[in-house]
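For reference, the structure is listed below as structure tokens.
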């Protein structure tokens, strides 16, 4: 098994760049529209023209996360629209560049790497693609993807300030508009020809605009992965460390979830017992300054990165609750335990309720403790809530499904590399014979869909809610010791026990409950990485940490519970109703 994790793939991955003729103008540049509607909603009757108008307005203001979310929602209704797909991919490239250049660990990697070392990183990444990527590699497209990332980087302020602060803007723009000509139509049939072409572009960039070769090569490195599919990407050293920490269900930080976009850095959740909670921080607070630097001056993403740091170090924050007053506080970074089970309680006297927010290494033990506790309180039936659960560890989902399924398949994975072909099956020992209801929604993805799909295919319980996200691919997390933190790469696709592919389909509930309108903003998990991994054995290139197999959709997730305070939770109400009827029927 490789050092990676499996994720489902629900968008085209090969239409972002031209394949037969050079573009008349750069399609990767932000739109020139300037007006952003107050709300970027996606009604069922939405027309493609309206989707593009709203999305391009968000792009113009460089609100990349919001643009991606807008396009992603729209593609649920308009899945075959090529223009919307392309604009979402372009927005992803912009977000990828800004993400990396807001991360100190990545910038340090670029600064200390030589051209020779950067080429070694590039070759190592391409080698892993050749060995593990779920589909065959097109070297020419990898070259195009590299120039696409470089073109986008040359429009981003952080990249230009770091590498080209003394280069005239007109020179940068002229090079950016023509860089694709260095690649277009070239013969790129193997890794060596790809390497030579990347070196050619790096040499031309240095000669024409004074861009150091390592900066160019790192864009080729990132591009070689970032446009393969929505789930593969380069991980900065900081991101890789956080993912490895969360494998264990803990990390070093303040213990907050953040919304970070533009000049807004807002706290949307605070973990119980965390340094942030002890300091009095609450959801809804705004962070105005980090260590004396204002969010307005450095941007929300860079400020979020500054919240990272060594254990027991402190950070000075200026906090506002949204009014005119603010307060300065010091918060000490400590190891924070991240629960997988956010709620475990009895409902309506005889129904156990367990909410799982993600699948990580501690999930099965947490659920096991909750089951025994609820059973001791007289539980007659069980509701497991997987709404807004983006997934996580593949093997945690498999182990949890094994708790409720006596025998038979749970999930199978299939990849180009035969080591990724696995069949996971249930075992009778330790099975809970408890009437079961599982709640899902459109944000339930990957590992959540593995669990829900197994329960559905085995008729082991009722699935209630909305059709799930439909992410049926597995990503591997590969460590790197050559300048980047790691590589997140799609290595296989997974299938339910009946052989049904999850990608682009999702899990259909037995009982559909219409989605309630949701105005809750989605959040960027700045100190809680949105991916987790589980060690597996015997992977080529694995380190002492081991290889990592996950099934999670690496997208932004709302931090709030499924239903806002005071708002009827119709999915939960229906789930409890069914669970109660099952319990009553069994009692009779």
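Residue numbers (the working numbering): 21 to 608.
Just so it is clear, CB atoms sit at the ideal spot from N, CA and C, and this is done for glycine as well.
In this text the structure is predicted, and so the values were computed from the model without any measurement.
{"Item": "Assigned exposure category for residue 181 - 16 Cβ within 10 Å defines buried", "Value": "exposed"}
{"Item": "Where residue 447 falls, given that 16 or more other Cβ within 10 Å makes a residue buried", "Value": "exposed"}
{"Item": "Contact check, residue 159 vs residue 214, beta carbons under 8 angstroms", "Value": "yes"}
{"Item": "Residue 406 versus 264, 242, 471 and 441, residue with shortest Cα-Cα distance", "Value": "471"}
{"Item": "Beta-carbon spacing of residue 489, residue 465 below 8 angstroms", "Value": "yes"}
{"Item": "Complete beta strand (DSSP E) runs within the region 481-542 (minimum length 3 residues, chain order)", "Value": "482-485, 493-499 and 506-515"}
{"Item": "Residue range of the unbroken beta strand (DSSP E) whose run includes residue 279", "Value": "276-281"}
{"Item": "Nearest candidate by alpha-carbon position, reference residue 403, set 137, 131 and 594", "Value": "594"}
{"Item": "Span separating the alpha-carbon of residue 388 from that of residue 135", "Value": "51 angstroms"}
{"Item": "CA-to-CA distance, residue 513 to residue 151, given in whole angstroms", "Value": "16 angstroms"}
{"Item": "Sequence-distant residues of its chain with Cβ nearer than 6 angstroms to residue 602 (five each side left out)", "Value": "401 and 455"}
{"Item": "Span of the beta strand (DSSP E), counted from its first residue to its last, around residue 442", "Value": "442-445"}
{"Item": "Between the CA atoms of residue 145 and residue 279 - distance to the nearest angstrom", "Value": "31 angstroms"}
{"Item": "Residue 384 beta carbon less than 8 angstroms from that of residue 433", "Value": "no"}
{"Item": "Buried versus exposed, by CB contacts within 10 Å (16 or more), residue 109", "Value": "buried"}
{"Item": "Buried/exposed call for residue 133, threshold 16 Cβ in 10 Å", "Value": "buried"}
{"Item": "DSSP three-state assignment for residue 313, whether helix, strand or coil", "Value": "strand"}
{"Item": "Of the listed residues 314, 183, 398 and 461, nearest to residue 121 (C-alpha basis)", "Value": "183"}
{"Item": "Helix, strand or coil at residue 289 [DSSP, three-state]", "Value": "strand"}
{"Item": "Residue 324 burial status per 10 Å Cβ neighbour count (16 or more: buried)", "Value": "buried"}
{"Item": "Three-way DSSP call (helix, strand, coil) for residue 364 in this model", "Value": "strand"}
{"Item": "Ordered list of alpha helix (DSSP H) runs contained in the region 170-221, each at least 4 residues", "Value": "177-183 and 189-198"}
{"Item": "Among 439, 529 and 508, the one whose alpha carbon lies nearest that of residue 477", "Value": "529"}
{"Item": "Rounded Cβ spacing between residue 113 and residue 172 (contact assumed at less than 8 angstroms)", "Value": "5 angstroms"}
{"Item": "Proximity below 8 angstroms, CB of residue 203 to CB of residue 235", "Value": "no"}
{"Item": "Per DSSP, cross-strand counterpart(s) of residue 82", "Value": "DSSP output for residue 82 lists no bridge partner at all."}
{"Item": "Residue span of the alpha helix (DSSP H) that contains residue 321, given as start and end", "Value": "320-326"}
{"Item": "Best match in 394, 187, 509 and 131 for proximity to residue 250 [C-alpha to C-alpha]", "Value": "509"}
{"Item": "For residue 329, the three-state DSSP class (helix, strand or coil)", "Value": "coil"}
{"Item": "Reduced DSSP secondary structure (H/G/I, E/B, other) of residue 385", "Value": "helix"}
{"Item": "Residue from 330, 332 and 307 with nearest C-alpha to residue 322", "Value": "307"}
{"Item": "Runs of beta strand (DSSP E) lying entirely within the region 405-434, each at least 3 residues, in chain order", "Value": "411-413 and 429-434"}
{"Item": "Spatial distance of residue 579 from residue 288 (CA atoms)", "Value": "The predicted position of residue 579 is uncertain, since its pLDDT is 34 and thus under 50; a value taken from the coordinates is nonetheless stated next. Distance between the alpha carbons of residue 579 and residue 288 is about 6 angstroms."}
{"Item": "Limits of the unbroken alpha helix (DSSP H) element including residue 349", "Value": "Residue 349 -> not in any alpha helix (DSSP H); beta strand (DSSP E) instead, spanning 346-352."}
{"Item": "Closest by C-alpha distance to residue 482, when choosing among 591, 396 and 303", "Value": "591"}
{"Item": "Cβ-Cβ distance between residue 505 and residue 258 below 8 angstroms", "Value": "yes"}
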